[in-house]
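Going down the list, the sequences are from chains A and B. If you count by the working numbering, then the first sequence holds residues 10 to 200, one letter each, in order. If you count by the working numbering, then the second sequence holds residues -14 to 199, one letter each, in order. Virtual Cβ for every residue (Gly too), placed ideally from N, Cα, C. To keep things clear, I will list the structure first and then write my remarks on it.
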Amino acid sequence: MTEDRHFNQKPRRKAEFTRPPNTLKAKVGSGGLSEEILNKAQTLLENNAVDFMPLAEIYLTSVMRGVEVAREKSESENAEMLIAQITYPTMQLKANGGMFHYHLVTRTADKLIQFLEVIESPDDEALEIIIAFHTTIRAIVMGRITGDGGKYGQDLLDALNEACLRYFDKHPHKHKDIDFDYIHKIDAPEA
Amino acid sequence: MTYQLHRISVLIVEDNQPMLEIAKSLLLTFGVGHVVGAQNGEVGFKRFCEHNPDIVIADWMMKPMDGISFTRMVRNDPRSPNAYVPIILMTGFSERRRVLQARDAGVTEFLVKPFNARDLYKRIAQVIERPRQFVRSEDFFGPDRRRSREAAGTISNYVGPFRRETDNTSPEFFKRLRDQQTEAHETLRVMREKSGLSSGDKFNIINPKDIDFQ
């Protein structure tokens, strides 16, 4: 007897389930970690004195290299790949900024990633916006603006967000589905 | 009684040296007995085979081998000493499609950077307290991509941090959830009424601006 299913339904796949013994639990026992240990670890994290600037320089240079490659190639040429070359170093800025006290770098890079994730291709106007992000992040790092940057930081983010929205308004067909109000949904990281 | 983390070893695969040092320090502060570091997926797999750690924490973006390829090797390579090892993937990506990509490679937990000490601890507690069952199909081997209560087996005894709101089983929580649902249904009913839609109509045919919410 054949299985009764829709024509567009994928065939059911066979799968085996295994529950491996929880050796980890057996080794560590229970009870979690005390607040004292967690606070100590958090203090250690907050007091790390790693200089983010050299690391940021590497990633910023890489972003700029991605922009230059995208500028030289035609729009139709594997747009995903061109965008990815900019996205990856930006992701590193986002990931590492906050780890080394530069929360505003994380927020700004996060916004740039959101922009990169929705544009269809790195056209000239998109590249201008990316350069504006790059300049901003560079200024934050060079100015050693740690923390969230206060009102100044928020103003910068708002301005960049506005630039993105203007791009989307102007080219409604050039981006994938986007939540236009995303800026207000991001929690400000603790300074 | 607290976790006896000195009994376990952790492998961290991270190409960013300062980040690797920070992660190591955090784990040692938690009391982890042995922390091994590796600069990329290739070296990471070698260290994994040598040390057979209890937990692996890996970065995503690395060269020559990234965290996703490394995870696939740990899960599928015949040389792997423990294909069931919990793998926590650290990354700056938080978009849904990236999480799905990591999940489909066999990653156990996802840790978004930047993170704080509690975020890291929560992921470790998660792999200790709620291990996933494993699935083998034609094209996948790894932790069950559906997170079910049954898969954990220890949920009734679990006293650790909650991963998401729905892990909460308290009556107050469910009451609050029901109240929210009732309120949402009422809002939808009002919207339908004001826009002249019947209960079967979809909302995407109306423009929210056309609705008078006053």
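Excluding the 5 residues flanking it on each side, A/His110 has same chain C-beta neighbours closer than 6 Å at Thr155, in chain order.
Proximity to A/Leu113 across A/Ser39, A/Glu45 and A/Leu169 peaks at A/Leu169, based on C-alpha coordinates. The beta carbon of B/Leu11 is closer than 7 Å to those of Ala102 and Leu105 in its chain, skipping five residues each way along the sequence. B/Leu74 counts as buried, since at least 16 other C-beta atoms from the protein chains shown sit within 10 angstroms of its C-beta. Between B/Leu(-4) and B/Phe33 a beta carbon distance of about 6 Å is seen, short of the 8 Å cut, so the two are scored as contacting. For B/Ser184, the secondary structure class from DSSP, reduced to helix, strand or coil, is coil. Contact of A/Met73 with chain B is not assigned, every C-beta pair being separated by 7 Å or more. Distances from the CA of B/Glu94 to each of B/Ser122, B/Pro66, B/Asp124 and B/Arg131 were compared; the closest alpha carbon is that of B/Arg131.
Close partners of B/Arg(-8) in chain A (Cβ separation under 9 Å): Lys36, Val37 and Gly38. For the options A/Ala88, A/Val59, A/Pro30 and A/Lys34, the alpha carbon positioned closest to that of A/Asn105 is the one of A/Val59. Secondary structure in the region 55 to 124 of chain A: the alpha helix (DSSP H) runs of 4 residues or longer, each lying completely within the stretch, are 61 to 81 and 88 to 108 in chain order. Listed along the chain, the chain B residues whose CB falls inside 8 Å of the CB of A/Ser43 are Thr(-13). The criterion of a C-beta distance shorter than 7 Å is satisfied by B/Glu80 and A/Glu126. Cα atoms of A/Asp157 and A/Thr115: separation of roughly 9 Å, rounded to the nearest angstrom. Close to B/Gly16, with beta-carbon spacing below 8 Å, are these residues of chain A in chain order: Leu42 and Ile46. Using a CB distance below 7 Å, the part of the region 0 to 15 of chain B facing chain A consists of Asn1, Pro3, Met4, Ile7, Ser10, Leu11, Thr14 and Phe15, ordered along the chain.
Contact fails between the region 30 to 47 of chain A and the region 80 to 96 of chain A, because fewer than three Cβ pairs, one in each stretch, are under 8 Å apart. Here B/Phe95 is bridged, per DSSP, to B/Leu74. Think of a sphere of 9 Å around the beta carbon of B/Ala110: the chain A residues whose beta carbon falls inside it are Gly41 and Leu42, in chain order. Setting aside the 5 residues that flank it on each side, B/Val92 is surrounded in the same chain by Thr56, Ile72 and Leu74, each with a C-beta closer than 7 Å to its C-beta; the list follows chain order. Boundaries of the alpha helix (DSSP H) around B/Leu5: Gln2 to Phe15. For B/Arg82, the enclosing alpha helix (DSSP H) stretches over residues Arg81 to Ala90.
Membership of B/Arg130 in any alpha helix (DSSP H) is not indicated, and neither H nor E is assigned to it by DSSP.
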